[in-house]
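For reference, the structure is listed below as structure tokens.
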Amino acid sequence: MEMNQNIINARVTFRNSPIHILEQFTIKDIENAYEQFKKHSELEECVIIQTCNRIELFGKSKADNSDKIKKTWASITGLDEEMIEENLEFVENQEAMHHLLKLTSGLDSMVLGEEQILGQIKNSIASARETKASGQHLNTLFDKAIRMGTRIRNSSGIGKGGISVGSMAVKLAEENVDELKTKQILLIGTGEVSTLVAKSLQRRGYAFNVTSRTMGRSEMFCETMGGEAIKFEEVLSGFNKYDIIFVATTAPYFLVTQEKITKAMKGKTNGIMILDLSNPRTVDEKVATISGVKLMNLDQIAEMVEKNINARINKVKTVENIIKEEISVLEASMKRLDAEPLVTDVFKNIENLREKELQKALQMLGENDERKIKIIEELTKAVVESIVTTPMNNIRKASEQGQPNIIELASKLFDYKKQNQTD
Numbered sequence: 000m001e002m003n004q005n006i007i008n009a010r011v012t013f014r015n016s017p018i019h020i021l022e023q024f025t026i027k028d029i030e031n032a033y034e035q036f037k038k039h040s041e042l043e044e045c046v047i048i049q050t051c052n053r054i055e056l057f058g059k060s061k062a063d064n065s066d067k068i069k070k071t072w073a074s075i076t077g078l079d080e081e082m083i084e085e086n087l088e089f090v091e092n093q094e095a096m097h098h099l100l101k102l103t104s105g106l107d108s109m110v111l112g113e114e115q116i117l118g119q120i121k122n123s124i125a126s127a128r129e130t131k132a133s134g135q136h137l138n139t140l141f142d143k144a145i146r147m148g149t150r151i152r153n154s155s156g157i158g159k160g161g162i163s164v165g166s167m168a169v170k171l172a173e174e175n176v177d178e179l180k181t182k183q184i185l186l187i188g189t190g191e192v193s194t195l196v197a198k199s200l201q202r203r204g205y206a207f208n209v210t211s212r213t214m215g216r217s218e219m220f221c222e223t224m225g226g227e228a229i230k231f232e233e234v235l236s237g238f239n240k241y242d243i244i245f246v247a248t249t250a251p252y253f254l255v256t257q258e259k260i261t262k263a264m265k266g267k268t269n270g271i272m273i274l275d276l277s278n279p280r281t282v283d284e285k286v287a288t289i290s291g292v293k294l295m296n297l298d299q300i301a302e303m304v305e306k307n308i309n310a311r312i313n314k315v316k317t318v319e320n321i322i323k324e325e326i327s328v329l330e331a332s333m334k335r336l337d338a339e340p341l342v343t344d345v346f347k348n349i350e351n352l353r354e355k356e357l358q359k360a361l362q363m364l365g366e367n368d369e370r371k372i373k374i375i376e377e378l379t380k381a382v383v384e385s386i387v388t389t390p391m392n393n394i395r396k397a398s399e400q401g402q403p404n405i406i407e408l409a410s411k412l413f414d415y416k417k418q419n420q421t422d
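Take the sequence shown: its position 386, counting from 1, is numbered 385 in numbering that gives the first Met the number 0, and each next residue is one higher.
Written out as structure tokens, the structure is:
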């Protein structure tokens, strides 16, 4: 009899897929997805986490069913299997738990230690619970991981003063330009850094335009990140419309040239601030010599972020070490759940026997005195408890230490059959 439960994690994240690919993996109707995954992928429980940087599925199953999960995901999103094969990462058990702890403690976020993901994970498990997509295993796993993650964040201070290249760039624009709210802002590019800039602009309530080489991609980006998509050609000839330009693209040439900016400055009364976040640079350094133009490049911005990050990198090591210790605690709690169906069943059967025998004895005694009946009933309970508790706790312990053979033996001793579990 096989008791082992696999916890799996299948994910597409910003770590190895660009935003426009992540978009395509998005699951529109989560409730329906839960049904599909349970029906077609042999997952007994599942939880889906979606943010603009990741789409993840956590599941519990008894089978190795990575292929079925891929097929189901393909059919839900209409993606071809090759696309899924290239982008979907798969881990299970200890690695899956480790990953969840990294998520809850903020180690896997684009901005180290950011708070947002914790709230998103809480919402994900709450809605999975509500629709009964998750069950005892994942509920336990998520509850514990959220608690541990919160504790790790608080004790390590990893989330303090988090700043990314994107938010640093926006901060610099705020420091250098008066009345930023009334100014025209342009963002060139739709990659990872642009995402950070857009998030930061949106959080602070600024309107902005977005452009990239293909209009479709700009529009898709704006759907998730806010901002308004503008045609690339319009922008290249219309730099004069803007007061602040964030450039975060991978063009292999200077996109913003001295000539274009000189032309843009002709009729302009106020200056332009240009922040070049591209690597390699896509703004010609000479632009800085034009009067009224303030140019800052990635190195200058990165240097400011660096100071900020160094303080936190030291914390990453601390957090990694805490996670290493916590993972064994988490694993033990999960393994312990494997014994639960058996333990519950044994307690239920013994309780039924106790009830039956008690009723028989009371009938034979013809006892009506409530107080005596109570004493006899307490006696039967005490006897059962004192006999059953120790073996049951030992079975739980064995399960925790990963000794399935003892559970198997116990199942034989207590005549426990998996079949009577319809759950």
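Every residue gets a Cβ at the ideal spot worked out from N, C-alpha and C, and that includes glycine.
In this chain, the alpha helix (DSSP H) harbouring E80 covers E80 to N86. Collapsing the DSSP output to three states places A9 in a strand. Here the segment 312–321 does not lie against the segment 384–400, with fewer than 3 beta-carbon pairs under 8 Å apart. When the beta-carbon positions are compared, F245 and I260 stay at least 8 Å from each other. The alpha-carbon separation between V209 and V286 amounts to approximately 21 Å. The alpha-carbon separation between K262 and R212 amounts to approximately 22 Å.
Under the three-pair Cβ rule at 8 Å, the segment 223–230 counts as touching the segment 181–201. Here Q23 is near T76, since their CB atoms are less than 8 Å apart. The Cβ atoms of E41 and A73 lie no closer than 8 Å to each other. Considering only T103, I20 and E34, the residue with the shortest C-alpha distance to E81 is I20. In terms of CA proximity to T256, V234 leads the group G266, V234 and H97. With respect to V11, L87 sits close: the two C-beta atoms are nearer than 8 Å.
For the pair I243 and T194, the Cα-to-Cα distance works out to about 17 Å. Sequence-distant partners of I116 (beyond 5 residues in either direction) whose C-beta falls short of 7 Å from its own C-beta, in its chain, are T50, L102, G105 and S108.
Between the C-alpha atoms of I47 and E354 there is a straight-line separation of about 43 Å. Between V292 and the set V282, L329 and I375, the nearest pair of CA atoms involves V282. Between Y241 and the set I300, L179, A250 and E369, the nearest pair of CA atoms involves L179.
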